[in-house]
Amino acid sequence: ERSKYTFKDIKVERKTTGPTETPTTKFTEKGAVFRVTLTIANDVYTEELADKNSEQFKKLSKELTNILTDIFKKVPGFLRVEIISFRKGSVICVFNVITEESKASGDEIKGVLTEA
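My numbering puts the first residue of the sequence shown at 3, with every later residue one more than the last.
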């Protein structure tokens, strides 16, 4: 299924190795964490997206998690996506891609997003 969102200005940074930072995450596996920032060019930012408890944040977060999981499942060692935040600028989405250690590179992460 083709995403209804247009992604641009994709930045990928290898963060760390080790347990992820999200308190809601119960995983303790060692893995590679890539912090990804991208702009959703065809969406409009609202203040509700700054609040992780708002319906709008939850809805967009769930939708993007499904889309991004579908995109990243072809990356070797892919485990999951964690949406971190949304910022103004169309909509800028910040999220982590967690993979098994040494299975994927930042270039692979950016490559599959660019092709999506």
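No residue lacks a Cβ here, since even glycine has one placed at the ideal position from N, Cα and C. Since the structure is predicted, the reported quantities are computational estimates derived from the model, not experimental observations.
Endpoints, the alpha helix (DSSP H) within which residue i is located
{"i": "serine 63", "result": "57 to 74"}
{"i": "valine 114", "result": "108 to 117"}
The ligand SAM heavy atom lying under 7 Å from the CB of residue i
{"i": "leucine 40", "result": "Although the ligand SAM was asked about, the structure shown includes no ligands whatsoever."}
Simplified DSSP assignment, three categories, for residue i
{"i": "lysine 54", "result": "coil"}
{"i": "glutamate 15", "result": "strand"}
{"i": "glutamate 102", "result": "strand"}
When the options are compared against residue i, the one with the closest alpha-carbon
{"i": "phenylalanine 36", "options": "Glu50, Ile42 and Lys17", "result": "Lys17"}
{"i": "phenylalanine 88", "options": "Thr48, Glu110 and Lys13", "result": "Thr48"}
{"i": "glutamate 102", "options": "Phe74, Ile85 and Leu62", "result": "Phe74"}
{"i": "phenylalanine 9", "options": "Asp45, Glu15 and Ala34", "result": "Asp45"}
{"i": "tyrosine 7", "options": "Leu51, Glu15, Leu66 and Asp53", "result": "Leu66"}
{"i": "threonine 116", "options": "Leu70, Glu57 and Lys64", "result": "Leu70"}
{"i": "lysine 105", "options": "Lys90, Glu84, Gly33 and Ala118", "result": "Gly33"}
{"i": "glycine 108", "options": "Ile86, Gly79 and Lys90", "result": "Gly79"}
{"i": "isoleucine 100", "options": "Ile86, Lys61, Phe59 and Glu57", "result": "Ile86"}
{"i": "arginine 82", "options": "Ser92, Glu50, Lys13 and Ile111", "result": "Ile111"}
{"i": "asparagine 68", "options": "Glu50, Glu84, Ser56 and Val77", "result": "Glu84"}
First and last residue of the uninterrupted beta strand (DSSP E) at residue i
{"i": "valine 35", "result": "33 to 42"}
One or two residues paired with residue i in a DSSP bridge
{"i": "serine 87", "result": "Val96"}
{"i": "lysine 10", "result": "Thr41"}
Original post:
Okay, do the region 81 to 96 and the region 37 to 45 touch, 3+ Cβ pairs below 8 Å being the bar?
Top reply: yes
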